[in-house]
Structures are given as structure tokens and as C-alpha cells.
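K.L.:
In the working numbering, the protein residues as written are 39 to 399.
One structure coming up, written as C-alpha cells, with questions to follow.
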Amino acid sequence: MYDFFELDFLNIESKQSGDAIALRYSSHGDNRIHVIDGGFQDTGEKILEHINTYYDTSRTIDAVIVTHADGDHTGGLAKILENFHVSELWMLRPWHYAGQLLPRFPRWSNLSNLVKELKDAFRNIADLEEIANRKNIPIYEPFQGVSIGEFTVLSPTKEMYLDLVVESDKTPDGTWDRRQSFLGGRPPSFKHLRRSESSEWGKEIFSPEETSPDNEMSVVQFADLCENRILLTGDAGRRALVEAALYAIRGGLTLPGVDWFQVPHHGSRRNVSAKILDCWLGEITPPDPTQERAKRGNAIISASKEDDDHPRNAVIRACIHRGARVYSNEDTNFLAFSQNAPPRNWSAANPLFYPNEQETN
Numbered sequence: 039m040y041d042f043f044e045l046d047f048l049n050i051e052s053k054q055s056g057d058a059i060a061l062r063y064s065s066h067g068d069n070r071i072h073v074i075d076g077g078f079q080d081t082g083e084k085i086l087e088h089i090n091t092y093y094d095t096s097r098t099i100d101a102v103i104v105t106h107a108d109g110d111h112t113g114g115l116a117k118i119l120e121n122f123h124v125s126e127l128w129m130l131r132p133w134h135y136a137g138q139l140l141p142r143f144p145r146w147s148n149l150s151n152l153v154k155e156l157k158d159a160f161r162n163i164a165d166l167e168e169i170a171n172r173k174n175i176p177i178y179e180p181f182q183g184v185s186i187g188e189f190t191v192l193s194p195t196k197e198m199y200l201d202l203v204v205e206s207d208k209t210p211d212g213t214w215d216r217r218q219s220f221l222g223g224r225p226p227s228f229k230h231l232r233r234s235e236s237s238e239w240g241k242e243i244f245s246p247e248e249t250s251p252d253n254e255m256s257v258v259q260f261a262d263l264c265e266n267r268i269l270l271t272g273d274a275g276r277r278a279l280v281e282a283a284l285y286a287i288r289g290g291l292t293l294p295g296v297d298w299f300q301v302p303h304h305g306s307r308r309n310v311s312a313k314i315l316d317c318w319l320g321e322i323t324p325p326d327p328t329q330e331r332a333k334r335g336n337a338i339i340s341a342s343k344e345d346d347d348h349p350r351n352a353v354i355r356a357c358i359h360r361g362a363r364v365y366s367n368e369d370t371n372f373l374a375f376s377q378n379a380p381p382r383n384w385s386a387a388n389p390l391f392y393p394n395e396q397e398t399n
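See the structure below:
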């Protein structure tokens with residue numbers, strides 16, 4: 039039985055979207071604070087101020103979780119590691135597995151050189167490792183099946199992660215650029231996509247392109263707090279979300295049925311599909327663009343107001359089709375969701391309207 043939880047999605051206020059999540063929950067008086075990702079470098083000060091303002095803490099954070107190495111998720115975490123006592127840092131470091139990876143990089147034969155190459159390629163998390171080592175913060179591996187407080191990691195497995203490191207275009211022999219070139223190149227900026235006026239309920243147009251291996255590395259976490267089922271996804275793509283669902287089902291979780299669903303990668307069309315959303319949120323419901331029916335869950339999108347590429351209307355539509363109320367932190371300092379939490383002076387967030395148009399290519 040959990041006393042309360044507070045789940046806050048901070049607006050990183052940048053021209054590009056990013057993720058910075060603060061979480062506090064209590065079980066029988068035992069409080070825990072987690073920070074999941076930290077946006078860009080300037081976001082660190084916002085997270086620090088947010089925790090000091092809203093979380094009654096003695097400058098201790100129980101767990102900092104780095105979902106993956108992208109700069110819009112890692113930049114602000116240096117500030118957190120430097121200014122709080124952090125009990126645990128959870129992140130995956132490719133060079134930590136250099137011995138296992140060396141045979142998979144044909145052009146490399148020297149282990150220490152590969153370690154250096156991987157640290158240079160993933161500089162964001164290498165910098166966090168240096169801070170953690172200097173401050174004696176233990177670093178743990180967030181692979182499938184481990185527990186971080188009351189959260190369970192659903193993805194990635196170690197095997198999948200190592201495959202993704204090899205595929206990443208950051209690594210020495212990465213295959214992602216070549217594969218994308220074979221497919222006709224990376225898609226252009228969404229700013230110039232054609233749109234299709236369509237009021238047909240249930241019509242969904244997702245991208246045929248996959249998300250990048252670096253996004254698929256994202257740590258996917260699940261917890262049930264105060265009878266609220268929470269799924270945090272980072273920038274996870276279809277491979278990771280399928281792997282997460284299969285593991286959750288094997289562990290006894292009944293799907294669909296998530297109360298709080300972090301829409302991955304700021305609402306990108308390349309990270310979800312109809313079947314994946316059916317699995318996590320449920321199948322398409324009868325038409326009701328007014329959203330007056332009983333909601334089946336909540337979908338939260340972290341997106342910057344100045345980011346023309348995110349979120350995509352197709353993804354917003356798809357979540358609403360499945361009875362979810364969709365929220366974005368584009369127009370607010372942070373989105374806050376809670377159960378039995380200490381009071382704050384805030385107003386209720388308004389869900390996004392149903393878009394009648396969506397991207398067509």
C-alpha cells in the first residue's frame with residue numbers, strides 16, 4: 039500500500055524537445071525520490087529548483103536513471119549529481135562491455151582503444167561516470183528484470199543492448215547509417231511534411247521508418263503506485279516496447295491497461311504502431327472526439343513549444359482513439375500527476391484536442 043506519489047514532467051524550454059522527470063513517492067512513511075533523465079544542460083537548474091521547492095528533501099535523491107545517452111536526456115544530470123547526495127546512478131555504459139563487443143568490431147583488435155573510442159562516442163554518459171566516480175556514487179546496470187525502488191525495468195535485455203551498440207552510428211562499425219542509406223536516407227524534417235485533412239475516426243498513419251538504435255537502448259520502467267500503473271519509456275521504439283510488453287506479460291501483468299503512459303520520443307511517429315498502442319492502452323474505442331467518455335488512461339508527451347517536429351498529430355490521434363487523455367508540457371513549466379500527494383497550488387491540466395489532420399509521409 040503506497041501513501042502517495044508525485045510524477046512531474048518538466049518543460050525543458052528549449053528549441054528541441056527533451057525529457058526530464060522528477061518522481062517522489064512514499065510507502066508507509068518511507069519516501070523515495072527518483073530523477074529520470076535531465077534534459078539539456080540548462081535543465082539541471084530547473085530540476086534542482088523543482089525538487090527543492092516541491093519535494094521536502096534533505097538534498098538526497100535515491101535514484102537517478104539515465105534512459106539512454108542522447109544529450110536531450112543527459113545534459114542536466116551533471117547538476118543533479120553535483121548538488122545532491124545521490125544514492126544510486128542507473129545507466130548503461132557501452133565501454134563496460136568492451137570485452138564482449140570487441141569480436142563484433144572487425145576493424146578493432148585493441149581492447150583499451152575500443153574502450154576509449156566508446157567513451158568518446160558516448161561522451162554524455164562518460165562525463166556522468168566521471169562525476170559519479172569522483173563522488174563515490176555507485177553505478178548500476180538497468181537491464182530487464184532489475185528493480186529500481188518500486189519500478190521494474192522491462193527493457194532492454196543485455197543481449198538486445200549489445201546488438202544496439204553494434205548497430206549505433208556512434209560506434210566504430212555501426213550499421214545504422216548504411217541501413218538508412220539503403221532505405222533511401224533518413225526522413226526529412228517534419229516541418230515540410232504534407233498533411234491530410236481527415237476526420238475519419240480511427241485512421242492512423244505511422245512512419246514506416248524505424249527509430250534509431252540509440253533510442254531503442256532506452257530504459258523502459260514500470261511500477262504500480264497507489265493502484266496507478268505507470269510506464270516510463272524514454273525514447274524507446276517498437277523493438278523495445280514489444281520486448282517490454284512480452285516481459286511484463288510473462289511476469290503476470292495483465293495488458294492492456296496503463297494509467298500513465300509516457301509517449302516515447304516526444305510523440306514521434308517512428309516509435310509506436312497500432313499494435314503496440316493496442317497492447318499498452320487498449321484497442322480503438324467508438325468515436326467520441328469530445329473525450330467525455332470514461333477515460334482508459336493518460337498519455338503524457340514531453341515536447342518543446344518551439345519544436346516543430348514533435349509531437350505528431352498521428353500519435354495524438356492514436357492515443358485518443360484508445361480512450362486516453364493526452365497531455366503535453368509544451369505550454370506549462372511542468373505537468374504534475376499525483377495520488378494522495380501533499381497539496382500544491384496548481385490548476386488542472388487540460389488534455390489536447392483531437393486533431394482532424396495528420397501527417398501523411
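All residues carry an ideal CB built from backbone N, CA and C; glycine is no exception.
Just so it is clear, the structure is predicted and the values come from calculations on it, not from any experiment.
Shorter than 8 Å from the beta carbon of ILE50 to some beta carbon of chain B?
P.N.:
No chain B is part of this structure, which consists of one protein chain only.
K.L.:
For ASN336, report the span of its beta strand (DSSP E) as first-last.
P.N.:
Mapped onto the sequence shown, residue 336 falls at position 298. Segment 335-339, the beta strand (DSSP E) holding ASN336.
K.L.:
To the nearest angstrom, report how far apart LEU139 and VAL204 are at their CA atoms.
P.N.:
Counting from 1 along the sequence shown, the entry for residue 139 is found at position 101. Counting from 1 along the sequence shown, the entry for residue 204 is found at position 166. When rounded, the distance between both Cα atoms is 8 Å.
K.L.:
Should GLY28 go down as buried or exposed, given a rule of 16 or more other Cβ atoms within 10 Å for buried?
P.N.:
Outside the modelled stretch of the chain, which goes from 39 to 399, sits residue 28, for which no answer is possible.
K.L.:
If you follow the alpha helix (DSSP H) that GLU73 is part of, which residue opens it and which one closes it?
P.N.:
Here residue 73 refers to the residue found at position 35 when the sequence shown is read from its first residue. Note that residue 73 is Val in the sequence shown here, rather than Glu. That residue, VAL73, is in no alpha helix (DSSP H); its beta strand (DSSP E) goes 68-76.
K.L.:
Counting only the same chain and skipping the five closest in sequence on each side, list residues whose C-beta sits under 7 Å from that of SER311.
P.N.:
Position 273 of the sequence shown, counting from 1, holds the residue named residue 311. Take SER311, set aside five residues on each side of it, and the residues of its chain with a beta-carbon closer than 7 Å to its own are PHE244, ARG276, in chain order.
K.L.:
Would you kindly work out how many angstroms separate the C-alpha atoms of GLU238 and GLU265, rounded to a whole number?
P.N.:
As a position in the sequence shown, residue 238 is number 200, starting the count at 1. As a position in the sequence shown, residue 265 is number 227, starting the count at 1. Going by the C-alpha atoms only, they are around 35 Å apart.
K.L.:
Apart from the five residues on each side of it in sequence, which residues of its chain come closer than 8 Å, Cβ to Cβ, to ILE242?
P.N.:
Taking the sequence shown and counting its residues from 1, the one referred to as residue 242 is at position 204. The sequence given here places Glu at residue 242; Ile does not occur at that position. Hits under 8 Å: ALA312, ALA352, ARG355, ALA356, HIS359, GLN396.
K.L.:
What separation, rounded to the nearest whole angstrom, lies between the Cα atoms of GLY137 and ALA60?
P.N.:
Against the sequence shown, residue 137 aligns to sequence position 99. Against the sequence shown, residue 60 aligns to sequence position 22. For GLY137 and ALA60, the distance between alpha carbons rounds to 35 Å.
K.L.:
How would you call PRO226, buried or exposed, if buried means at least 16 neighbouring beta carbons within 10 angstroms?
P.N.:
Position 188 of the sequence shown holds residue 226. Its pLDDT being 37, under 50, PRO226 is placed unreliably by the model, and nothing is read from it.
K.L.:
What would DSSP say about ARG382, mapped onto helix, strand or coil?
P.N.:
Counted from its first residue, the sequence shown places residue 382 at position 344. In this structure, ARG382 counts as coil in the three-state DSSP scheme.
K.L.:
Using DSSP bridges, identify the partner residues of HIS123.
P.N.:
As a position in the sequence shown, residue 123 is number 85, starting the count at 1. Listed as beta-bridge partners of HIS123 by DSSP are THR98.
K.L.:
Give me whichever residues DSSP pairs with TYR441 in a beta bridge.
P.N.:
Past the edges of the chain, shown from 39 to 399, lies residue 441, and the structure says nothing about it.
K.L.:
By the 10 Å Cβ neighbour count, where 16 or more other Cβ atoms means buried, how is ILE268 classified, buried or exposed?
P.N.:
Position 230 of the sequence shown, counting from 1, holds the residue named residue 268. Here ILE268 is buried: its Cβ has 16 or more other Cβ atoms, across all protein chains shown, within 10 Å.
K.L.:
Sorted by chain position, which residues of the same chain lie with C-beta nearer than 6 Å to ARG62's C-beta, five sequence neighbours on each side aside?
P.N.:
If you number the sequence shown from 1, residue 62 lands on position 24. Excluding positions up to five away in sequence, the list reads GLU44, ILE71, TYR93.
K.L.:
Thinking C-alpha only, which one of PHE299, TYR199, LEU130, ARG288 is nearest ASP262?
P.N.:
Stepping through the sequence shown from its first residue, residue 262 is reached at position 224. Residue PHE299 is the option with its Cα nearest to ASP262.
K.L.:
Does DSSP classify SER376 as helix, strand or coil?
P.N.:
Translated into positions along the sequence shown, residue 376 becomes position 338. Correct three-state label for SER376: strand.
K.L.:
Kindly list the residues whose CB is nearer than 6 Å to the CB of ASP46, restricted to its own chain and excluding five residues on each side of it in sequence; keep chain order.
P.N.:
Locating residue 46 in the sequence shown gives position 8, where the first residue counts as 1. Cβ within range, chain order: ALA60, PHE372, ALA374.
K.L.:
Counting pairs of Cβ atoms below 8 Å between the region 100-113 and the region 160-172, do you hit three or more?
P.N.:
yes
K.L.:
For the region 95-104 and the region 117-125, state whether three or more C-beta atom pairs, one from each stretch, are separated by less than 8 Å.
P.N.:
yes
K.L.:
Going by C-alpha to C-alpha distance, which of PRO302, VAL280, ASP346 sits closest to CYS317?
P.N.:
Counted from its first residue, the sequence shown places residue 317 at position 279. Ranking PRO302, VAL280, ASP346 by Cα distance to CYS317 puts VAL280 first.
K.L.:
Compare the C-alpha of PRO389 against each of ASP345, GLY335, ARG382 and name the closest.
P.N.:
Your numbering for residue 389 matches position 351 in the sequence shown. Of the candidates ASP345, GLY335, ARG382, the one whose C-alpha sits nearest the C-alpha of PRO389 is GLY335.
K.L.:
Assuming the contact rule is C-beta atoms closer than 8 Å, ALA254 and LEU293 should be a hit. Round their C-beta distance to whole Å, please.
P.N.:
Counting from one through the sequence shown, the residue named residue 254 turns up at place 216. Counting from one through the sequence shown, the residue named residue 293 turns up at place 255. Residue identity check: residue 254 is Glu in the sequence provided, not Ala. With 8 Å as the limit, GLU254 and LEU293 do not qualify as a contact, their Cβ atoms being about 20 Å apart.
K.L.:
Hey, how far is the Cα of GLU247 from the Cα of ASN383?
P.N.:
Sequence index remark: in the sequence shown, residue 247 carries index 209 (1-based). Sequence index remark: in the sequence shown, residue 383 carries index 345 (1-based). Looking at the two C-alpha atoms, the distance is approximately 43 Å.
K.L.:
Please confirm if the region 111-123 is in contact with the region 72-92, defined as three or more CB-CB distances below 8 Å between the two stretches.
P.N.:
yes
K.L.:
LEU319: which of GLU344, SER340, ARG363 sits nearest, CA to CA?
P.N.:
For the purposes of this step, residue 319 is taken as residue 281 along the sequence shown, with counting starting at 1. The shortest C-alpha separation from LEU319 is found at ARG363.
K.L.:
Buried or exposed for ARG172, going by 16 or more other Cβ atoms inside 10 Å?
P.N.:
For the purposes of this step, residue 172 is identified with residue 134 of the sequence shown, where counting begins at 1. So ARG172 counts as exposed.
K.L.:
Go ahead and pull the three-state DSSP assignment for LEU61.
P.N.:
In the sequence shown, residue 61 corresponds to position 23, counting from 1. The answer is strand: DSSP assigns LEU61 an E or B state.
K.L.:
State the DSSP-derived secondary structure class of LEU270, mapped to helix, strand or coil.
P.N.:
Along the sequence shown, one-based indexing puts residue 270 at 232. The answer is strand: DSSP assigns LEU270 an E or B state.
K.L.:
Excluding five sequence neighbours on each side, which residues of the same chain lie with their C-beta closer than 6 Å to the C-beta of ARG308?
P.N.:
In the sequence shown, the residue the question calls residue 308 occupies position 270. Excluding sequence neighbours, ARG308 sits near SER245, GLU247, THR249.
K.L.:
So, are the CB atoms of PHE143 and ASP211 less than 8 Å apart?
P.N.:
Indexing the sequence shown from 1 puts residue 143 at position 105. Indexing the sequence shown from 1 puts residue 211 at position 173. Result yes, Cβ atoms of PHE143 and ASP211 sit closer than 8 Å.
K.L.:
Might you give, ordered along the chain, the residues of its own chain that have their beta carbon closer than 8 Å to the beta carbon of GLY305, omitting 5 neighbours on each side?
P.N.:
Stepping through the sequence shown from its first residue, residue 305 is reached at position 267. These residues qualify, in order along the chain: ILE339, ALA341, HIS348, PRO349, ARG350, VAL353, ILE354, SER366.
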